[in-house]
Structure formats: C-alpha cells, structure tokens
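Inspection log for the structure reproduced underneath, given as structure tokens.
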Amino acid sequence: VNYIRNSVKATVDAYDGKVKLYEWDTKDPVLKTWRKAFPGTVEARGEIPQELMEHLRYPQDLFKVQRELLTRYHVEDPAQFYSGSDAWQVPDDPTNKEPGSVPPYYLSMKMPGQEAQQFSLTTTFTPRGRPNLGAFMAVNADAASKDYGEMRLLRVTSTVKGPGQVQSELNGNDDVAEFVRNLKGTDSDIEYGNLLTVPLEGGFLYIEPVYTRGGNQNYPLLRKVAASYGSKIVFENSLGEALNAVFGVEDDGATTPPDPSEPPGETDE
68 VNYIRNSVKA TVDAYDGKVK LYEWDTKDPV LKTWRKAFPG TVEARGEIPQ
118 ELMEHLRYPQ DLFKVQRELL TRYHVEDPAQ FYSGSDAWQV PDDPTNKEPG
168 SVPPYYLSMK MPGQEAQQFS LTTTFTPRGR PNLGAFMAVN ADAASKDYGE
218 MRLLRVTSTV KGPGQVQSEL NGNDDVAEFV RNLKGTDSDI EYGNLLTVPL
268 EGGFLYIEPV YTRGGNQNYP LLRKVAASYG SKIVFENSLG EALNAVFGVE
318 DDGATTPPDP SEPPGETDE
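In structure tokens form, the structure reads like this:
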C-alpha cells in the first residue's frame, strides 16, 4: 500500500486486441528498471497521442484504496486515532440491492474556492457508526490538467444528512410514494440510479435519477429525477425541472431559496 501508484497507462485496440503500454509516472524507479530490462515494452509518456490523453482519467481502484486509508489516517490527534472516535467509513450504497459501499463517481464539478469546474472523481464519508455526512473528497481526474491527481477534502462541520438518510427521505416522500403506488399492478419495475453528492453554495446537493423497466424491455427508461438540498426534496420529470424546483426558480427567473430552517451544512477545506 505504501508504494501503490498509477505508473503505467494501458490501451487495448478494440479491433485487433493489441495492447499498448505508456509510461505515466516518470519518476517511478521500479518502472525505470522494467523499461531498461525490457526496452520497447513501455512507451515514453511523450508518445501518448493528444486524442488519447483527452480520454485518460484517474483510476477508480487506486482512489478506492486511498479513500479507505483516509477513513483512519485523516486523524491528527494521537488519542483520537488510538480510540477510533474520529474514524470515518465509506457509506453503504442505498440504491443498490446488493450490499456494498457507495462507489466513487466521476463528475464535472467545482469545489469551494475553485474558479471553474473540473472533471473529478468523488466520494463521501460518514462518521463511523453514524449516518450523517462527515466529509467529501474529490480528485482532479482530467489527465490533461496540470492539477491532475490533486485531492481536495471538505470536512463537514455541521449536521448534514448522509446518503442513506437522504435515500430514506426520498423513499418516504409523498410524490415518490405515489409514483411507486401507480406502478403496482403493472409489468414495470422501478430502478434507482446513482445518488450523486455535489457540494454547492456551502451545502450539499443530492441528485438521483429514477428509471422504470418493463417486462419486455432490455433497458430502463428515465422517468423522474429526485433532488434534495437542505430540508427540501423534489421529484420532477427532468434534471432541469428538479434543479429549478429545489432552488425555487420560477418561470420568470425569480428564485425562492430553500427552507432556511435546516441549513444545508457548513464545510472546512
């Protein structure tokens, strides 16, 4: 684990199965040794075509290892580290019928303090044994960016609902419950998409697409989009309508802010 790194990028030709290996970490001594022992096996980083560079991204498996280590090693106080009182955990995926942690998601988003959106790989943390949100982490996943691989961590300093709590509230929402009831007695099943978490304006926005799949359909159809911000939950026909509804955007462009009785949360970077 101490030496894990993404030293080589591999591509596979979809037509003939030919594999090409490209150097990525130019300072990795192990890779340098392999390149000397087997010259020509791994091409230099400078040989990566620009059109290929635009499709490279931060590896999910590496990110999963890093986030798992961070659940313990973000703690700086020795007593808290030993007791585990400030430990985190990667929350369970509330949209998946099979047990498992929330997977990391690729998103184009802007973290607090950034001037523009970045293509990022993201994850959430909850305090160990508790359902509320504890932290949010994103790594720059754009291989063409000079900030590729840079990680940013937001610690949540107030009580914010975690993914499991938000999913429970969505399931209990009157509009969602009515939608599910209307499907009963038909040959369609409901399928929940990825529950995405996005830091926004000092709080966290949750977005989840909802699909239906008929008995004779090979693929699901997008039917609704749920959104949650602070204490407000909406269930609309499209992403645009859901965002307008959760932020109170009227047809004339006027806005009505979400219910301030429950602040969306505060973060420390």
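In this note's numbering, the protein residues as written are 68 to 336. Positions of the beta carbon are idealized from the N, C-alpha and C atoms, including for glycine.
Please classify Thr-93 as buried or exposed, where buried requires at least 16 neighbouring CB atoms within 10 angstroms. exposed
Cα-Cα separation between Lys-103 and Gln-127, rounded to whole angstroms: 29 Å
When you compare each of Leu-174, Thr-100, Asp-159 to Gly-167 by their alpha carbons, which one comes out closest? Asp-159
For Ala-312, which three-state DSSP category applies? helix
Own chain partners of Asp-296 with C-beta closer than 8 Å, once the 5 adjacent residues on each side are dropped: The displayed chain sequence assigns Tyr, not Asp, to residue 296. Counting only Cβ-Cβ distances below 8 Å, and skipping sequence neighbours, we find Leu-267, Gly-270, Phe-271, Leu-272, Tyr-273, Val-313, Phe-314, Pro-325, Pro-331.
Excluding the 5 residues preceding and the 5 following Arg-290 in the sequence, name in chain order all residues of the same chain whose CB lies nearer than 7 Å to its CB. Val-277, Tyr-278, Thr-279
Is it right to say Gln-185 is buried, meaning 16 or more other beta carbons lie within 10 angstroms of its own, or is it exposed? buried
Taking Tyr-149 as part of the beta strand (DSSP E), name the residues at either end of that continuous run. Careful: Tyr-149 lies outside any beta strand (DSSP E), inside the alpha helix (DSSP H) at 145–150.
Exposed or buried, Arg-197, counting other C-beta atoms within 10 Å across all chains shown (16 or more means buried)? exposed
Own chain partners of Leu-306 with C-beta closer than 6 Å, once the 5 adjacent residues on each side are dropped: Val-292
Starting from the C-beta of Asn-285, find all residues in its chain whose C-beta is less than 7 Å away, skip the five residues before and the five after it, and write them out in chain order. none
CA-CA distance, Gly-151 and Phe-192? 15 Å
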